[in-house]
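A.B. asks: Sharing a structure, written as structure tokens. Questions coming.
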């Protein structure tokens with residue numbers, strides 16, 4: 001029976017420091033691993049909402065506990081014909097445990113056409129593992 005396990009990436013410090021292509025490939029690999037791990041159990045929700053202004057829609061969305069997204073929701077106008085009113089697309093990322101509550105909250109504030117898709121990768125600004133790798137290769141302990 002396996003109780004604990006972990007993956008380890010082993011590299012050659014000299015090759016990483018002296019061969020830019022090796023360092024670039026290693027950083028890319030780390031970025032994808034990190035992004036995949038960040039996305040595990042996360043879902044993207046898209047919902048359509050009526051509203052007169054972006055501020056009105058943002059107020060409705062941000063008034064719900066599970067609709068904040070990773071940082072904030074993305075709210076964009078939909079390309080509708082004039083006689084169809086003001087429609088907005090709202091997209092957020094939520095964890096699996098908050099998926100159904102978030103869908104219900106969208107419905108509560110008038111969301112419709114809710115689409116859910118699994119997230120494959122979430123790329124952050126600069127992954128911690130890449131920063132640590134660079135520090136180690138440069139001889140500076142993180």
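In the working numbering, the protein residues as written are 1 to 142. Glycine included, every Cβ here is placed at the ideal spot set by N, Cα and C.
Do the CB positions of residue 66 and residue 105 come within less than 7 Å of each other?
C.D. replies: yes
A.B. asks: Taking the C-alpha atoms as reference points, what is the distance between residue 121 and residue 101?
C.D. replies: 23 Å
A.B. asks: Let me know if residue 57 comes out buried or exposed under the rule of 16 or more other beta-carbons within 10 Å of its beta-carbon.
C.D. replies: buried
A.B. asks: Please name the residue, chosen from 10, 16, 11, 129, that lies closest to residue 138 on a Cα-to-Cα basis.
C.D. replies: 16
A.B. asks: Mark residue 21 as exposed unless 16 or more other C-beta atoms lie within 10 angstroms of its C-beta, in which case mark it buried.
C.D. replies: Answer is exposed; the Cβ neighbour count stays below 16.
A.B. asks: Could you tell me if residue 133 is buried or exposed, where buried requires 16 or more neighbouring beta carbons within 10 angstroms of its beta carbon?
C.D. replies: buried
A.B. asks: Pop quiz: residue 99 and residue 88 are said to be a contact at Cβ under 8 Å. What is the actual Cβ separation, rounded to whole angstroms?
C.D. replies: About 21 Å; that fails the 8 Å criterion.
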